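Residue numbers (my numbering): 43 to 350.
Ideal Cβ placement from N, Cα and C applies to all residues, glycine included.
Predicted model, so just to flag it, every value in this text is computed and none were measured.
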Ligand SMILES: Cc1cc2nc3c(=O)[nH]c(=O)nc-3n(C[C@H](O)[C@H](O)[C@H](O)COP(=O)(O)OP(=O)(O)OC[C@H]3O[C@@H](n4cnc5c(N)ncnc54)[C@H](O)[C@@H]3O)c2cc1C
C-alpha cells in the first residue's frame with residue numbers, strides 16, 4: 043500500500059523540499075546515487091568496470107520546466123561523454139536518458155526532446171557507445187517510441203525501455219522484437235491507473251515473463267532490467283530455449299541494489315550492466331527507489347528519527 047503513496051509524493055514540490063532538506067537524506071541517497079558531479083562519478087565507473095561490470099549512466103533529473111533546463115541536461119550528458127572518451131570503455135559504458143529531462147513535456151516538446159537528444163546519441167556513437175531511452179509515465183510513450191524510431195534511422199543501436207505493467211507493452215514488444223531493437227524490459231516504476239496497467243505484483247510478473255519470451259524469440263537484443271531472482275533464472279531458461287548465447291542478451295540492475303548478484307552474474311560469464319545514476323536533481327529517482335521497497339522507507343525514516 044505504501045508504494046503508491048510514495049509515488050504520489052514523488053510528484054509533490056512540498057515533499058521535494060522537505061525530503062531534500064532533511065539532514066540525513068544525503069547519506070541514504072548515496073546508496074542509490076553515488077555522486078553529484080562527473081568528478082565524483084568517474085572513479086565509481088572505473089571501479090565497476092574494473093570488476094567486470096558494464097554501465098548505463100543516468101544524469102538524474104526529469105520534469106523540467108524551461109527550455110534552458112533541457113539544454114543544460116543535454117550539456118550534462120555531453121560533458122559526461124567527453125570525460126568517458128579517454129577511458130576507452132566503448133559500449134561497456136552507455137547512457138540512459140529520460141526524454142522529460144530533454145524538454146518532452148514543454149510546448150513543442152516532442153521536437154525539442156528530439157533536438158536535444160540527437161547530439162547526445164551522436165556524441166555517444168563517436169566514442170563507440172550508445173543511448174537507451176528510459177520509459178516514463180504512459181502518457182509519454184508514443185512520443186518516446188517515435189523518437190526511438192527516428193534515432194534508429196541513423197543509429198540502429200539506440201535502445202528503449204518497455205514496462206511489463208502496461209497493457210500495451212506486449213504489442214510494443216512484438217514490434218520492437220521484429221525490427222531488431224535493443225530493448226530493456228522492466229516491471230515499471232510509475233503510478234499508473236488501472237485503465238492502462240496491471241496493479242498486482244503477480245499479474246505484472248506474469249506479463250513480464252510473456253513479454254520476455256517475445257523478446258527472446260525475436261530479432262532484437264533483450265536487456266533484462268530486474269533484480270527479481272525468479273525472473274533472472276527464467277531469463278536463463280528462455281535464452282537457452284531460444285538458442286541465444288550469453289552475449290546475445292544482458293542483465294541490468296540498479297546501482298545499490300543486490301550488488302553481490304551483479305558480481306555473481308558477471309563471474310558466471312553473463313553481460314551485467316549497472317544502471318548508475320548521478321547528479322544533484324535526485325529526488326524523483328530516489329523516491330521511486332523508496333516506493334519499490336518499503337523497507338527502504340523504514341530505514342530512511344528511522345535514520346531521520348535517530349538523528350533528530
Ligand atoms: C536497469 C534498470 C533500469 C530501469 N529503467 C526503468 C525505466 O526506464 N522505467 C521504469 O518505469 N522503470 C525502470 N526501472 C525500474 C523497474 O521498473 C522496477 O521498478 C524495479 O526494477 C524494481 O522491480 P524488480 O524487477 O527489481 O522486481 P521487484 O519484485 O520489485 O524486486 C525484486 C527484488 O529486488 C530487490 N529490490 C528491488 N527494488 C529494490 C529497491 N528499490 N531497493 C532495495 N531492493 C530492491 C528486492 O530484494 C526485491 O525483493 C529500471 C530498473 C532497472 C533494474
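{"Query": "If I'm right that residue 141 touches residue 175 with Cβ under 8 Å, what's the distance once you round it to whole angstroms?", "Result": "6 Å"}
{"Query": "For residue 264, which of helix, strand or coil comes out of DSSP?", "Result": "strand"}
{"Query": "So does residue 226 have its beta carbon nearer than 7 Å to some heavy atom of ligand 1?", "Result": "yes"}
{"Query": "Using a Cβ distance threshold of 8 Å, determine whether the segment 96–103 contacts the segment 64–71, with at least three qualifying pairs required.", "Result": "no"}
{"Query": "Mapping the DSSP letters down to three states, classify residue 223 as helix, strand or coil.", "Result": "coil"}
{"Query": "Should residue 44 go down as buried or exposed, given a rule of 16 or more other Cβ atoms within 10 Å for buried?", "Result": "exposed"}
{"Query": "By how many angstroms is the C-alpha of residue 173 removed from the C-alpha of residue 167?", "Result": "9 Å"}
{"Query": "Verify whether the separation of the beta carbon atoms of residue 265 and residue 210 is less than 8 Å.", "Result": "no"}
{"Query": "What residue from 340, 324, 337, 335 has the CA that sits closest to residue 62's CA?", "Result": "324"}
{"Query": "Give me the Cα-Cα distance between residue 201 and residue 137, rounded to the nearest whole angstrom.", "Result": "10 Å"}
{"Query": "Is the beta carbon of residue 254 sitting closer than 8 Å to the one on residue 274?", "Result": "no"}
{"Query": "Between residue 210 and ligand 1, is the CB less than 7 Å from at least one heavy atom?", "Result": "no"}
{"Query": "Between which two residues does the beta strand (DSSP E) containing residue 123 stretch?", "Result": "Careful: residue 123 lies outside any beta strand (DSSP E), inside the alpha helix (DSSP H) at 109–126."}
{"Query": "Give a single yes or no on whether residue 203 has its beta carbon closer than 7 Å to a heavy atom of ligand 1.", "Result": "yes"}
{"Query": "Taking Cβ to Cβ, would you say residue 120 is nearer than 8 Å to residue 155?", "Result": "no"}
{"Query": "Suppose only complete runs of 3+ residues qualify. What are the beta strand (DSSP E) ranges in the segment 308–346, listed by chain order?", "Result": "314–320"}
{"Query": "Answer yes or no: do residue 333 and residue 49 have a C-beta to C-beta separation smaller than 8 Å?", "Result": "yes"}
{"Query": "Less than 8 Å between the CB atoms is what I'm expecting for residue 169 and residue 328, so what's the real figure, rounded?", "Result": "So it is not a contact: roughly 29 Å between Cβ atoms."}
{"Query": "Specify whether the segment 289–302 and the segment 71–88 touch according to this definition: at least 3 beta carbon pairs, one from each stretch, less than 8 Å apart.", "Result": "yes"}
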